[in-house]
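See below for the structure under consideration.
There are 2 protein chains.
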Amino acid sequence: MSIKIGILGYGNLGRGVECAIKQNPDMELVAVFTRRKPESVSILSEGVAVCHIDDVEKWQGKIDVLILCGGSATDLPVQTPKYAEMFNVIDSFDTHAKIPEHFAKVDAKAMAGGNVAIISVGWDPGMFSLNRMYAGAILPQGKDYTFWGKGVSQGHSDAIRRVEGVKNAKQYTIPVDEALKAVRSGANPELTTRQKHTRECFVVLEEGADAAKVEETIKTMPNYFADYDTTVHFISEEELMANHSGIPHGGFVIRSGKTGWNEEHTHIIEYSLKLDSNPEFTSSVIVAYARAAYRMAAEGQTGCKTVFDVAPAYLSMMSGAELRATLL
Amino acid sequence: MSIKIGILGYGNLGRGVECAIKQNPDMELVAVFTRRKPESVSILSEGVAVCHIDDVEKWQGKIDVLILCGGSATDLPVQTPKYAEMFNVIDSFDTHAKIPEHFAKVDAKAMAGGNVAIISVGWDPGMFSLNRMYAGAILPQGKDYTFWGKGVSQGHSDAIRRVEGVKNAKQYTIPVDEALKAVRSGANPELTTRQKHTRECFVVLEEGADAAKVEETIKTMPNYFADYDTTVHFISEEELMANHSGIPHGGFVIRSGKTGWNEEHTHIIEYSLKLDSNPEFTSSVIVAYARAAYRMAAEGQTGCKTVFDVAPAYLSMMSGAELRATLL
């Protein structure tokens, strides 16, 4: 009997979840919910219902886990508490500063509905958070470093697109190699924002736009670019489509810590990701946690959880005995 | 109220546990148990009892978690089941092939005693196992690679020391850089034993020993060296002490996997360790899991667990709310 999954929201993330379910034979996609007209949405899977979001309540009892694929700005703060009362849910809420507030709201509703909700699932928050936590628990005397990239930042690309005279743009966040090397040496350096990452922008101008002015506006933009060494390349729309249409990302979580009676020994724990497709990797993490939500709910657990609360074995298709025999 | 820890076996690992406890303010070392005469054993901590191993039973109720620091060959197969009936215990049993059998024995005794036992804790088995499991659950279509080193292999060093004419020796296991690069490229190469690691040996000869014969014996030793490209250096005892007295180790767990409707996207997940002291790092992992054992037992859980069964939050000194606010 497979785990029945519903997808709410069919953008890059929803499509990624659909692809990931195909790789997990113990799962089955049963319905996709959309705010658009269902007949206008064409999905990849055959024989799967596409429904309007207003009909999701009717699917109670027919879906084991509902995966919420909306955005963190306006969708998830409303959707996750709402649907946690009806279903076991997973989201990828990634506004780090608002996680405690989101957790509290979702927890109350999941408890009320007797469901399990796992929030902030993905790679950061998600796998990066887990690695920060494991490494910090193992090496209490130490320092954490998180680097992102090389990868596309959607938020920064959008900020460039809002500049007058810009037709289209892609922004890459790139970790500085010397900073990575300094961290890996165990020197525990204090690094400024500028020392950790550079930003590279590929910009398509509107006809007649002033390139020098656009470049200046980007490079001095507060919060987004002013604190970084930023490079701006002007390219054609064709070149942007041909060479910059992917959504790669990744990064590094490194902890450098000391052990020994006099802290005489240095240890470096490093976790890194190199991802061709940011949304598809995030989706793959989400689908593994959907399995966990299903199993935890089946055991009678309820309430809001994060990756910190989920025992690793819940994520795997293998049984405990198989895991011990093959992966331990 | 701190978590009361006992250490059974005071070698490199036991001393490492003692050092790690010092870094964890919620823990307290209350007793060290040894097979030697207690008065002959001098420990680093002040005011801590050193007792004979035969007296450990008298400490029931006074120790929250007993950490077993014996060897996997003969100590732990007997000790872990025996003491799991009396205490919550942690071991670092690392004979991978015998883990299922060890688990079954320990589980029965821990259940009978109403205790929690966490076995095979360390980095391999341990953190490497966890990373293999997480990565495999996230990317079901993919391939795992584990590389060890650069580091000292105690077993291989011992094997060299048993060769006639050898006075002392240290062996380093070294991952092959080209193999690491091929794996990180996402090419999913099939790698032979010889392609993955080389072995470098530093050997001190007995007076009058035949160097050529010793080198030949080492390089052709079945299981240990015959399948590897092995380099043998003859050095003086002084040089061995000066340059090769540490116990560094480390390694890499890499999963290369595919996502997308047609598996068109490649992802690389990499976890690596660079350790100055293998036993102190292992001890640090063990101490974090001792906290987990204490908490799980306090919740009424019983039986044998592995790193796969322990929710990450149990390892951390921080509360759930602190973890969500600072590390998620």
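So the protein sequences, as listed, match chains A and B. By the working numbering, the letter at position 268 of the first sequence is numbered 268, and the numbering carries on one by one without gaps. By the working numbering, the letter at position 314 of the second sequence is numbered 1314, and the numbering carries on one by one without gaps. Yeah, the Cβ is synthetic: ideal placement off N, Cα and C, and Gly gets one too. It should be emphasised that the depicted structure is a prediction, and the values quoted were computed from it without experimental measurement.
Kindly indicate which residue of B/GLY1257, B/SER1272 and B/ILE1160 has the alpha-carbon position closest to the one of B/GLY1250.
Out of B/GLY1257, B/SER1272 and B/ILE1160, B/SER1272 has the C-alpha closest to the C-alpha of B/GLY1250.
Can you give the Cα-Cα distance for A/VAL163 and B/SER1256, rounded to whole angstroms?
The straight-line gap from Cα to Cα measures roughly 39 angstroms.
Which residues in chain A sit within 7 angstroms of B/PRO1189, going by Cβ to Cβ distance?
Simply none; closest approach about 16 angstroms.
Determine the closest residue to A/VAL65 out of A/TRP123, A/VAL56 and A/GLY151, with distance taken between C-alpha atoms.
The candidate whose alpha carbon is nearest that of A/VAL65 is A/VAL56.
Distance check for A/CYS69 and A/ALA298, CA to CA, integer angstroms please.
The straight-line gap from Cα to Cα measures roughly 23 angstroms.
With H, G and I counted as helix, E and B as strand and the rest as coil, what does DSSP make of B/VAL1078?
B/VAL1078 falls in the helix class under three-state DSSP.
Quick one: what's A/GLY88 bridged to in DSSP?
The displayed chain sequence assigns Asn, not Gly, to residue 88 of chain A. Its beta-bridge partners are A/VAL65.
I want to verify the contact list: residues of chain A whose CB lies under 9 angstroms from the CB of B/SER1272, in sequence order.
Those within 9 angstroms of B/SER1272 in chain A are ILE268, ILE269, GLU270, TYR271 and SER272.
What does DSSP give as the partner residue(s) for B/LYS1143 in the beta ladder?
In the DSSP output, where bridge partners are listed per residue, B/LYS1143 has B/SER1256.
Measuring straight from C-alpha to C-alpha, what distance separates B/VAL1310 and B/SER1316?
Going from the Cα of B/VAL1310 to the Cα of B/SER1316 covers about 12 angstroms.
Taking C-alpha atoms, which residue in B/THR1095, B/MET1111 and B/LYS1098 lies nearest to B/LYS1082?
Considering only alpha carbons, the answer is B/MET1111.
Run through chain B and tell me which residues come within less than 7 angstroms of A/ASN24, C-beta to C-beta.
Correct list: PRO1140.
For A/ARG132, go through chain B and note every residue whose CB falls closer than 7 angstroms to its CB, in chain order.
Within chain B, the residues near A/ARG132 are LEU1327.
Would you call the stretch 97-108 of chain A in contact with the stretch 18-29 of chain A, where contact means no fewer than 3 C-beta pairs closer than 8 angstroms?
The stretch 97-108 of chain A is not in contact with the stretch 18-29 of chain A.
Might you give, ordered along the chain, the residues of its own chain that have their beta carbon closer than 8 angstroms to the beta carbon of A/GLY320, omitting 5 neighbours on each side?
Correct list, in chain order: ALA313.
Give a yes or no on whether the minimum CB-CB distance between B/SER1277 and chain A is below 8 angstroms.
Yes - at least one Cβ of chain A is within 8 angstroms of the one on B/SER1277.
A/HIS265 CB to nearest chain B CB: under 8 angstroms?
Cβ-Cβ to chain B under 8 angstroms: yes for A/HIS265.
Find the nearest neighbour of A/MET1 within the set A/LYS150, A/LEU328, A/GLY186 and A/ARG295, judged by alpha-carbon distance.
Checking every option, the nearest Cα to that of A/MET1 belongs to A/ARG295.
For the pair the stretch 40-52 of chain A and the stretch 104-121 of chain A, tell me if three or more CB-CB distances fall below 8 angstroms.
No, the stretch 40-52 of chain A is not in contact with the stretch 104-121 of chain A.
Which whole-angstrom value is the C-beta distance of B/LYS1167 and B/PHE1202, which I expect to be below 8 angstroms?
Wrong, their Cβ atoms sit about 12 angstroms apart, outside the cutoff.
Sorted by chain position, which residues of the same chain lie with C-beta nearer than 7 angstroms to B/ILE1119's C-beta, five sequence neighbours on each side aside?
Once the five neighbours on either side are set aside, the close Cβ partners of B/ILE1119 are THR1080, ASP1091, PHE1093, HIS1102, PHE1103, VAL1106, CYS1304 and THR1306.
Whose Cβ in chain A lies nearer than 8 angstroms to the Cβ of B/PRO1019?
Per the sequence presented here, residue 1019 of chain B reads as Cys, with Pro not at that position. What B/CYS1019 touches in chain A: THR259, GLY260 and TRP261.
Given that a residue counts as buried once 16 or more other Cβ atoms are within 10 Å of its Cβ, and exposed if not, what is A/VAL232?
The residue is buried, with at least 16 neighbouring Cβ atoms inside 10 Å.
Within the chosen definition, does the stretch 1141-1149 of chain B reach the stretch 280-293 of chain A through at least 3 CB pairs nearer than 8 angstroms?
They do not touch, by the three-pair rule.
Once the 5 residues before and after A/GLU28 are set aside, which same chain residues still bring their CB inside 6 angstroms of it?
Excluding sequence neighbours, A/GLU28 sits near SER2 and LYS4.
Using a Cβ-Cβ distance under 8 angstroms, would A/ASP309 count as near chain E?
Of the protein chains in this structure, namely A and B, none is chain E.
Within the chosen definition, does the stretch 1124-1141 of chain B reach the stretch 1253-1270 of chain B through at least 3 CB pairs nearer than 8 angstroms?
Yes: at least three Cβ pairs fall under 8 angstroms.
Given that A/GLU28 touches chain B, what residues does it touch there, using C-beta distances under 7 angstroms?
Near A/GLU28 there are no residues of chain B at all, since even the closest Cβ is about 15 angstroms away, more than 7 angstroms.
Cα-Cα, which of A/GLU263, A/ALA325, A/GLU215 and A/ARG324 is closest to B/LYS1022?
Considering only alpha carbons, the answer is A/GLU263.
Could you tell me which residues DSSP puts in a beta bridge with A/THR193?
Answer is none; A/THR193 lacks a bridge partner.
Cβ of B/GLY1006 within 8 angstroms of Cβ of B/ILE1067?
A contact, by the Cβ cut-off of 8 angstroms.
For the candidate residues A/ARG184, A/LEU275, A/LYS150 and A/ILE218, whose alpha-carbon lies nearest to that of A/PHE234?
Of the listed residues, the one whose Cα sits closest to A/PHE234 is A/ILE218.
Starting from A/LEU273 and walking both ways along the alpha helix (DSSP H), at which residues does that stretch end?
Premise fails: A/LEU273 lies in the beta strand (DSSP E), 265-275, not in any alpha helix (DSSP H).
Starting from B/LEU1180, follow the alpha helix (DSSP H) in both directions and report where the run begins and ends.
Start and end: 1177-1184.
Relative to the C-alpha of A/LEU323, which residue among B/PHE1308, B/LYS1213 and B/ASN1223 is closest?
Looking at the Cα atoms, B/PHE1308 is the closest of the given residues.
Can you name, in chain order, every residue of its own chain whose Cβ lies under 8 angstroms from the Cβ of A/LYS213, other than the five neighbours on each side?
Around A/LYS213: GLY165.
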